[in-house]
Amino acid sequence: MNLIVDILRAAIPAGTPLLLGTLGEIYVERSGILNLGVEGIMIMGAVTAFGVTTLTSNVWLGIFASTITGGMMALIHAFDCVTLKANQTLSGLALTMLGSGLSGLIGKRYIGMPLSSKLQNVPLKGLVNIPVIGPVLFDQDPLVYISYILAFLFWFFLFNTRFGITLRSVGESPEVADSAGINIPAIQYFAVFLGGIMSGLGGAYLSVAYAPVWIEGMTAGTGWIVLAITIFSLWRPERAILGSYLFGGVRVLQYRLQPLGISPNILNMMPFVFTILVLMIASREISKKRIGAPASLGVSYQREKTL
Amino acid sequence: MGKVIQMKGIVKSFGNIIANNRVDFDLREGEIHGLLGENGAGKTTLMNILYGLYSPDAGEIYIDGNRVDIKSPSDAINFGISMVHQNFKLIQSHTVVENVALGLKGTGFFFPARTVERRIREFSQKYGFKIDPHTPVWQLSAGEKQRVEIVKAFCRNAKVFILDEPTSMLTPAETGELFKLLRLLRVEGKSIILITHKLDEVLEVCDRITVLRGGKKIKTVDINEVNKKDLASMMFDQEISFLGRENRMRKVDKDIILEIKNISVLSDKNLLAVKDVSFNIHRGEIFGIAGVAGNGQKELVEAITGLRRTVNGNIYILGRDVTNVGPREILDKGVAHVPEERIRMGVVPSMSLEENFILRSYNKEPFSDGLFLRYDVISNHAKELISRYKISALDEKSPAITLSGGNIQKLILARELTISPVLIVASHPTQGLDMKSIQQIHELLLKQKEDGCAVLLISEDIQELLSLSDRIAVMFDGRISGIRNTDETTIEEIGMLMVGGGDRV
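Those protein sequences? They're chains A and B, same order as listed.
With the first letter of the first sequence counted as 1, position 160 gets the number 160 in the working numbering; the numbers rise by one all the way through.
With the first letter of the second sequence counted as 1, position 242 gets the number 1242 in the working numbering; the numbers rise by one all the way through.
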């Protein structure tokens, strides 16, 4: 029993960067834009957070800076896809390469450095005493609590506000949204920007909370798993929670199983094998329930191209 | 009655095609105004300009007497103009409420669905129809979807409703209900523009009618002043050049090339698009099919060329039954096909000219030696066709998409004619082309006819049909509403048959 609580409790922080990134990417894709640059934005967020925290000795400043970096990186993608109507896949991949290269360059001097101010666990009084749920959910660091709130807000805004309807409509059919008088570029810019902020935040979580060090390439595929969870979640924030913590759990198991003598190479494969499994399940569900990706995902919209 | 809308001297062109040529239009308060014309007459373009989807090249728009600039649909909506498009602008996977709430002002940022739901219920009570606000749109019938569009317009406080071919997807009963609703809206002082090509409809509900033809305004008339015949003659051009008529060979062979026997074909939506159609085409005959697009011509052509299965009846080519045998076998029987959408179905746009020339025969001698393509032969073949058919192209290696529409059409014809066909099925072969290309294509078709080929010519251009065809069949609502010898008919008669007035054969 203690072991299970232990694993679950570790799964939450392991899943938090995934959750933050996925919430953002859900909004991006709901607006019809595919951003494959999540991995690159995350690693830039990670290095920014680490660097700024080191410079200022204030971890919150570091976290804030990572959201700015993430947002700015994403704006490059928005400019490519929305303004220039470039190929979204290529632009996203380029962003990932840019991020991994640039972060390596910036982060050179931080390699092996301890972080001056790390995000500490803050048990929530009262709530933490609830059996099982308490220690699992409420003995975490503040950014985890913020991610709970964000997950709720992302769900609430998507399905219960005018903004949510607009965002979803733009991703389903920009033509319809256009003829309803929606400013499509504005919505898409906003969604991509917000997605960048969230990915930056996810990256920051890795370098200032989860493993407070800087290692080159430390995201190690987190951004790609975010894209898989986005599909698994069927573009719904509430399902992103489930998906992210599932993956978090897999990551934790990876370390817990190591002492049992299983080859670390096989264990390192686990998240990716799991990704494939999860995508298979999601595809089945998509075809069965007649729900799927936003209909205009990845297609640039242009008015008056007829004739 | 005040003038809600005035459009003066509207000009809009797309490339070489002038869709609107100094069109004037005005709409009074509380009237149903029919905008009548053939497809391509410029009706929808004019209304897309009023709705801010296109910006006019020249011309002025006044609303309630004030000069306005409508740059986007949201401007139009702010001026109280709403448009119900022919292809509904609805998001299939969203519910009725979500569709109505999209872009709607005054709903509150949070929980917009609640306000909208109330308004939908109010509206449906007032006008007496049922609609469940929480059904996803894809589950609704065409008539219900249209009501959602009208509710959408209503919730935006529209005072002007533009309806583009509103009855084209509706059953007769649904059409009746729509007209009832429009009359109710008129009583409330709303103004309605009805874009249509159906004469009966305008005569049934409209107060005034504006007729467009070839991008120009012909006349605006009061409904009491005109009858069906007047309108038909305004819609279709009277002055026909009988250019092709002298060229027509008198001797039409007795041999039947194509025999269509009682065929019925389903559309993509699984509705009966072709209903029990029969006709024969003889050797050396050009058989025209007239009709407004969407009356089953497309499905008929696809059935003949093997692209769509028939549900009933038989198709014979040279006496052989080729019903549902598949396109390759039909092509091998000597059928050439000039498809409706030349870029989408006629060529592979990104492939070179020379490759496009051998799409029918790439797997045969001399272009293939069984394993590899022989590019020297292919290239020479292309050069020869380019010069013989006077296709203007940079060279035979350039992609097909770099050609103009007329040259693409010549490319397709050149390819199809290399097999010396017994039957050519040509769908709208000159649609959207310039005069010179049209003439060249007409000459090519007449040449084939002289050589004993049978031609099935589908066109919306009555003039083209009258100058080329030996006989003309008119399709309306999936049936052939009449077959006429070209020498014994008039443009008026064909026009009447096209819009649903006529005998049933």
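Don't be surprised by glycine CBs; every beta carbon is placed ideally from N, CA and C.
What distance in whole Å lies between the Cβ atoms of residue j and residue i, which are believed to be in contact at a cut-off of 8 Å?
{"i": "F1179 (chain B)", "j": "D1470 (chain B)", "result": "The pair is not a contact, with the Cβ atoms about 40 Å apart (cut-off 8 Å)."}
{"i": "T1171 (chain B)", "j": "T1135 (chain B)", "result": "About 19 Å; that fails the 8 Å criterion."}
{"i": "S66 (chain A)", "j": "A49 (chain A)", "result": "4 Å"}
{"i": "L127 (chain A)", "j": "T16 (chain A)", "result": "Wrong, their Cβ atoms sit about 18 Å apart, outside the cutoff."}
{"i": "L1394 (chain B)", "j": "F1357 (chain B)", "result": "Contact doesn't hold; Cβ gap of about 15 Å is too wide."}
Residue i touches chain B at which residues, Cβ-Cβ below 7 Å?
{"i": "S147 (chain A)", "result": "What S147 (chain A) touches in chain B: nothing, since even the nearest Cβ is about 23 Å away."}
{"i": "V208 (chain A)", "result": "What V208 (chain A) touches in chain B: nothing, since even the nearest Cβ is about 34 Å away."}
{"i": "I165 (chain A)", "result": "E1098, A1101, L1102 and P1112"}
{"i": "S233 (chain A)", "result": "Result: empty, since nearest Cβ-Cβ is about 16 Å, beyond 7 Å."}
{"i": "S117 (chain A)", "result": "The contacting residues do not exist; S117 (chain A) stays about 38 Å from chain B at best."}
Terminal residues of the continuous alpha helix (DSSP H) containing residue i?
{"i": "D1332 (chain B)", "result": "P1327 to D1332"}
{"i": "H77 (chain A)", "result": "V59 to A78"}
{"i": "E1122 (chain B)", "result": "P1112 to Y1127"}
{"i": "H1442 (chain B)", "result": "M1435 to E1450"}
{"i": "F232 (chain A)", "result": "T222 to F232"}
Span of the beta strand (DSSP E) holding residue i?
{"i": "K1275 (chain B)", "result": "L1272 to H1282"}
{"i": "Q1297 (chain B)", "result": "Careful: Q1297 (chain B) lies outside any beta strand (DSSP E), inside the alpha helix (DSSP H) at Q1297 to I1304."}
{"i": "V208 (chain A)", "result": "From DSSP, V208 (chain A) is part of no beta strand (DSSP E); its letter is neither H nor E."}
{"i": "A1454 (chain B)", "result": "A1454 to I1458"}
{"i": "S91 (chain A)", "result": "Premise fails: S91 (chain A) lies in the alpha helix (DSSP H), Q88 to G107, not in any beta strand (DSSP E)."}
{"i": "K1261 (chain B)", "result": "I1256 to L1266"}
{"i": "K1012 (chain B)", "result": "K1003 to F1014"}
{"i": "G45 (chain A)", "result": "Note, G45 (chain A): premise wrong, no beta strand (DSSP E); alpha helix (DSSP H) at V38 to T56."}
{"i": "D1200 (chain B)", "result": "No beta strand (DSSP E) holds D1200 (chain B); the alpha helix (DSSP H) holding it covers L1199 to V1205."}
{"i": "T1220 (chain B)", "result": "K1216 to D1222"}
{"i": "L1194 (chain B)", "result": "S1191 to T1196"}
Which chain A residues sit within Cβ distance under 9 Å of residue i?
{"i": "P1056 (chain B)", "result": "None at all; the shortest Cβ gap to chain A is about 12 Å."}
Count the other CB atoms within 10 Å of the CB of residue i; is the residue buried (16 or more) or exposed (fewer)?
{"i": "L1243 (chain B)", "result": "Unreliable placement is indicated for L1243 (chain B), whose pLDDT of 47 sits below 50; the coordinate value is still reported in the next sentence. Exposed."}
{"i": "I111 (chain A)", "result": "exposed"}
{"i": "L307 (chain A)", "result": "Note that L307 (chain A) has pLDDT 34, beneath the 50 cutoff, so the model's placement of it is unreliable and the number below is only indicative. Exposed: under 16 other Cβ atoms inside 10 Å."}
{"i": "S1241 (chain B)", "result": "With a pLDDT of only 45 at S1241 (chain B), under 50, the local geometry of the prediction cannot be trusted, and the value read off the model is given with reservation. So S1241 (chain B) counts as exposed."}
{"i": "R1320 (chain B)", "result": "exposed"}
{"i": "D1487 (chain B)", "result": "exposed"}
{"i": "R1048 (chain B)", "result": "With the sequence shown as reference, residue 1048 (chain B) is identified as Asn, and Arg is not the correct amino acid for it. Buried: at least 16 other Cβ atoms inside 10 Å."}
{"i": "V1311 (chain B)", "result": "exposed"}
{"i": "P308 (chain A)", "result": "Outside the shown range of chain A (1 to 307) lies residue 308 (chain A), about which nothing can therefore be said."}
{"i": "K1198 (chain B)", "result": "buried"}
{"i": "L105 (chain A)", "result": "exposed"}
{"i": "R1118 (chain B)", "result": "exposed"}
{"i": "Q254 (chain A)", "result": "buried"}
{"i": "K1145 (chain B)", "result": "buried"}
{"i": "V1004 (chain B)", "result": "buried"}
{"i": "T170 (chain A)", "result": "In the sequence as displayed, the identity of residue 170 (chain A) is Val instead of Thr. Buried, since its Cβ has 16 or more Cβ neighbours within 10 Å."}
{"i": "S263 (chain A)", "result": "exposed"}
{"i": "V1499 (chain B)", "result": "buried"}
{"i": "H131 (chain A)", "result": "Looking at the sequence provided, one finds Pro at residue 131 (chain A) rather than His. By the neighbour-count rule (16 or more Cβ atoms within 10 Å), P131 (chain A) is not buried but exposed."}
{"i": "A11 (chain A)", "result": "buried"}
{"i": "V1100 (chain B)", "result": "buried"}
{"i": "I281 (chain A)", "result": "exposed"}
{"i": "S1392 (chain B)", "result": "exposed"}
{"i": "Q88 (chain A)", "result": "buried"}
{"i": "F1161 (chain B)", "result": "buried"}
Just to make sure I have the definition right: I need the residues of chain A whose C-beta is within less than 7 Å of the C-beta of residue i. Which are they?
{"i": "I1077 (chain B)", "result": "G181"}
{"i": "T1107 (chain B)", "result": "R162"}
Applying a beta-carbon distance threshold of less than 8 Å, which residues of chain A neighbour residue i?
{"i": "L1090 (chain B)", "result": "V176"}
{"i": "P976 (chain B)", "result": "Shown here, chain B extends from 1001 to 1505; a query on residue 976 (chain B) therefore has no answer."}
Determine the chain B residues that contact residue i at a beta-carbon separation under 9 Å, and present them in chain order.
{"i": "E172 (chain A)", "result": "I1091, Q1092, S1093 and H1094"}
{"i": "S31 (chain A)", "result": "What S31 (chain A) touches in chain B: nothing, since even the nearest Cβ is about 14 Å away."}
{"i": "S296 (chain A)", "result": "What S296 (chain A) touches in chain B: nothing, since even the nearest Cβ is about 10 Å away."}
The ligand GTP heavy atoms versus the CB of residue i: any closer than 6 Å?
{"i": "L55 (chain A)", "result": "Among the components modelled here there is no ligand, and therefore nothing to report on the ligand GTP."}
Between residue i and chain E, is the shortest Cβ-Cβ distance under 7 Å, so that the two count as touching?
{"i": "S169 (chain A)", "result": "In the displayed structure, chain E is absent; the protein chains listed are A and B."}
(message) Check whether the stretch 1421-1431 of chain B and the stretch 1454-1461 of chain B are in contact - that is, three or more C-beta pairs closer than 8 Å.
(response) yes
(message) If contact is defined by three or more beta carbon pairs under 8 Å, each pair taking one atom from either stretch, is the stretch 199-207 of chain A in contact with the stretch 40-48 of chain A?
(response) yes
(request) May I ask you to verify whether the stretch 1220-1232 of chain B touches the stretch 1266-1283 of chain B, counting CB pairs closer than 8 Å and requiring at least 3? (result) no
(request) State whether the stretch 1339-1353 of chain B contacts the stretch 1396-1403 of chain B, with contact taken as three or more CB pairs (one from each stretch) at a distance under 8 Å. (result) yes
(message) Assess contact between the stretch 1254-1265 of chain B and the stretch 1293-1313 of chain B, defined as three or more Cβ pairs (one per stretch) separated by less than 8 Å. Is contact present?
(response) yes
(request) Report yes or no: do the stretch 1042-1058 of chain B and the stretch 1015-1022 of chain B share at least 3 C-beta pairs separated by less than 8 Å? (result) yes
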